[in-house]
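Protein chains in written order, with this note's numbering: chain A, 1 to 207; chain B, 208 to 975.
Encoded structure:
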């Protein structure tokens, strides 16, 4: 059943949102359907968000997903509305390097003070070490890695990574983009989603 | 991996930051076994092709041996500070999830992997296995990082070998087909490095890896300049294909996949780093004749000529080598001359030959002036009109004059820069090699090939190439010498060039070069001397300097082609037919015997040349007697039955020359030379008819031979000859028939007298 008034194959709402994103209007409609499949909860909560991230994109880090949710929720009203969702997905799936830098840094900066401190880094990288080599101390290893990362990222040498530090470093070395944790989808999952979501959630499939 | 404490570094034994890539290219001499392996591994091809291949393979294959050398050096690797860093990074690579891996990869990239020590270290801590495992995952970022690390690490031969043994080829090949352009390009780059090993190369070709690489090249060349990712990918693919095209199988695969055309399209792009592998591929492919034709048809030669101006030395050398190879084709040669490519080459030659031209100018200023070598001489310009013309005709003189003035203008800039560098060389110009003799070798080879077409010799003369070539005769490098002598040999067919050669002391140098042992060089030298000897003055010089004896000594050379060439040269020398010359020939110890013994040779070329020489020598009766003593008659007669058309004219000449008396005629007849000779008349070729008729004429002086002639059915053939347009043939045939007829008449007379004597008895029937 078509809910919103559709003409031209997509809704007015979609048209409005699509202007700010890398999606076409049909795609925005599909995303809106994904966001709110029952039509009853226009505000996505953390659990649903995590379900999507985990189910579709295979993400596992709960802490990170929580942070991502915070970032998606741009107006910080505790829930992710449809527009926020679509805009967030635009960066998530098809963002340019600058947009991605912006997004990633926001996720990593837990307390939102504009810097990523050593403690935050330590905390993050600790979860990254999975198979600790025998004879090594976890803390030592993580501290070492933090040192290394700081060397590369902390350009103004103030002991913490500011946004401009991060942006400059990543522009020079793209590998550093997700240096504190995976917050963007894996290539395979991304491709898979992009090629199928239109059929799966698009308005036409609902008709 | 157990953690280790670094040993106390011995003072002074600190991290040997060894020199980087220079070592990689050193050509270690192959052991005999490896050379055999190489030869059997590649299919047999044209001799030149193989030689070139071997040269290329040499520098690559030498690395297999180097592997053993470097195994001795783990200690040095261990004591370098980077070693522990690398060790740690590899540990972290294995220790965590994708994030951790990314961090570790970034750390690895910082470790200075372009140094050999670090590459070794990476291998030793097992980093390569981990990297390859990472490549087998799907994580895009990590793949890119791992590929980047591998790209730097595979600079060393041990790393490459390890990567290959660990099955890296399959992984990399898979990645060439990846979606992401960046990954494709990086994978191709790494493949390019790994395929420097011949084992890896063959494996890649067998696994059909080439078509995938070729498909990377597709795409509009114009957009490549803007799109850096695509550009990097194309570059990587080109480099990989270059590495593969070193082997014949690779070249064939490349041709089948249509790679040549795609490469050609890329020739118009201005990026040097892309052009180098592209020209490299084309250069390798030109060893195959089929490729040469295609390259010529596609017209890549013009683009290659443009590249000769490139500032990059490597590109220049490669382009010149490519042109040298394809200029063997006459069409390419013509194109070079027409489109001005020859001029560019000659300018390049002048540039490279600076010290040598300078040396010759100092040694013999008059020569330099006359031949137009002098440009901006010190003390004001040399007055062009003052030059005493050594050229026989005025036309050439004016040409040279023009050239001098052109040179005055042209050579204004280039020598200046080089002057400062080569000032120290000026005094000892003779023995010094200009920094890069590779370029000189290629340029001289190109010029040699161009000069093989007679019309182009004039063009070369106009560009005053010949005096420079004469100056280059003093170069050290044998390959350069071979090419230079080859070019001079072709040019000496022209009399003026011959004179320039003579005046510049070229004949002397050539005779000195006869003492060398290289086959190719000797072949060219003998050929050059042979064509010089056509000119009287040069011949005088040659004989004065004992050239004949030296040439004769090369009849002993094991290589048949050299023998034939030497014999040809000797033949040209003997054309004068003087008493002294005959004396000289006689005086050569064992000379005539050697010559006659060559009649036993298997090679057709040798036989023809020797017969021609014998024909000349036999003009002197004493020498003829000596030759007969050594069994020349029997040997010549044995050869008479050969079917070879190219041999026949020379053989007939030789027989005609040798058969001056009835006795020798008889010898020939007894040796069975007559009947086969008759068959020679069955051809239409006038080159064969003439000497054959003369030979038969001489042979018919001996009555026995006349009988044989008659029995072999010579008469009808000779009658045909009477109708020939050639006077010599007519005369000889007529004389021959006359002799036969005379004999027949005599026989008749004898029979009639015999029967007249016997008629009183009246019982015997008369025989007709």
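For each residue, glycine too, the CB sits at the ideal point set by N, CA and C. Values in this document were obtained by computation on a predicted structure and should not be read as measured data.
Asked, Found
"Interface residues of the stretch 302-322 of chain B facing chain A [CB-CB below 7 angstroms]", "302, 303, 304, 305, 306, 307, 309, 310, 312, 313 and 314"
"Proximity to residue 20 of chain A [Cα-Cα], best of A:127, A:35, A:89 and A:158", "A:89"
"Closer than 8 angstroms to chain B by CB, residue 133 of chain A", "yes"
"Contact with chain B by residue 199 of chain A, beta-carbon distance below 8 angstroms", "no"
"Rounded straight-line distance, which links the Cα of residue 716 of chain B to that of residue 1013 of chain B", "Nothing about residue 1013 of chain B can be reported from this structure: the residues present for chain B run from 208 to 975 only."
"Beta carbon proximity, residue 116 of chain A to chain B, threshold 8 angstroms", "no"
"C-beta contact flag for residue 899 of chain B and residue 916 of chain B at 8 angstroms", "no"
"Cβ contact (3+ pairs, closer than 8 angstroms) linking the stretch 645-656 of chain B and the stretch 517-527 of chain B", "yes"
"Sub-8 angstroms separation of residue 789 of chain B and residue 751 of chain B beta-carbons", "no"
"Member of B:352, B:903, B:706 and B:358 whose CA lies at the smallest distance from the CA of residue 578 of chain B", "B:706"
"Beta carbon of residue 553 of chain B nearer than 8 angstroms to that of residue 709 of chain B", "no"
"Buried versus exposed, by CB contacts within 10 Å (16 or more), residue 516 of chain B", "exposed"
"Distance CB(residue 580 of chain B)-CB(residue 674 of chain B) smaller than 8 angstroms", "yes"
"Under the three-state DSSP convention, the category residue 74 of chain A falls into", "coil"
"Inter-stretch contact at 8 angstroms, needing at least 3 Cβ pairs: the stretch 296-303 of chain B / the stretch 170-189 of chain A", "no"
"Bridge-paired residues (DSSP) for residue 303 of chain B", "A:129"
"Any 3 or more C-beta pairs closer than 8 angstroms across the stretch 421-430 of chain B and the stretch 368-378 of chain B", "no"
"Coil, strand or helix - residue 44 of chain A by DSSP", "strand"
"Contact list for residue 195 of chain B against chain A, beta-carbon separation under 7 angstroms", "Outside the displayed span of chain B (208 to 975) sits residue 195 of chain B, for which this structure offers no information."
"Residue 957 of chain B classed as buried or exposed, judged by whether at least 16 other C-beta atoms fall within 10 angstroms", "exposed"
"Where residue 636 of chain B sits in the DSSP three-state scheme", "Residue placement at residue 636 of chain B is poorly supported in this model, since its pLDDT is 37, which falls under 50; the coordinates are not used for a value here."
"Beta carbon of residue 302 of chain B nearer than 8 angstroms to that of residue 141 of chain A", "yes"
"Candidates B:865, B:813 and B:493, of which the one nearest residue 837 of chain B by Cα", "B:865"
"Distance CB(residue 391 of chain B)-CB(residue 383 of chain B) smaller than 8 angstroms", "yes"
"Residue 432 of chain B to residue 158 of chain A span [Cα, whole Å]", "40 angstroms"
"Distance CB(residue 895 of chain B)-CB(residue 880 of chain B) smaller than 8 angstroms", "no"
"Between the CA atoms of residue 445 of chain B and residue 460 of chain B - distance to the nearest angstrom", "14 angstroms"
"Runs of alpha helix (DSSP H) wholly within the stretch 86-147 of chain A (minimum 4 residues, chain order)", "97-108 and 118-128"
"Neighbour list for residue 178 of chain A in chain B, Cβ cutoff strictly below 9 angstroms", "305, 306, 309 and 348"
"First through last residue of the alpha helix (DSSP H) which encompasses residue 488 of chain B", "479-492"
"Proximal residues to residue 944 of chain B (C-beta, below 8 angstroms), its chain only, five neighbours per side dropped", "922, 925, 926 and 929"
"Sub-8 angstroms separation of residue 348 of chain B and residue 175 of chain A beta-carbons", "yes"
"Residue 120 of chain A to residue 22 of chain A span [Cα, whole Å]", "32 angstroms"
"Coil, strand or helix - residue 613 of chain B by DSSP", "Confidence is the limiting factor: at residue 613 of chain B the pLDDT is only 41, short of 50, which leaves the residue's position unreliable and the question unanswerable from this model."
"Proximity below 8 angstroms, CB of residue 325 of chain B to CB of residue 318 of chain B", "yes"
"Run of the alpha helix (DSSP H) containing residue 976 of chain B, from where it starts to where it stops", "The structure shown does not extend to residue 976 of chain B, since chain B is modelled only from 208 to 975, so the question has no answer here."
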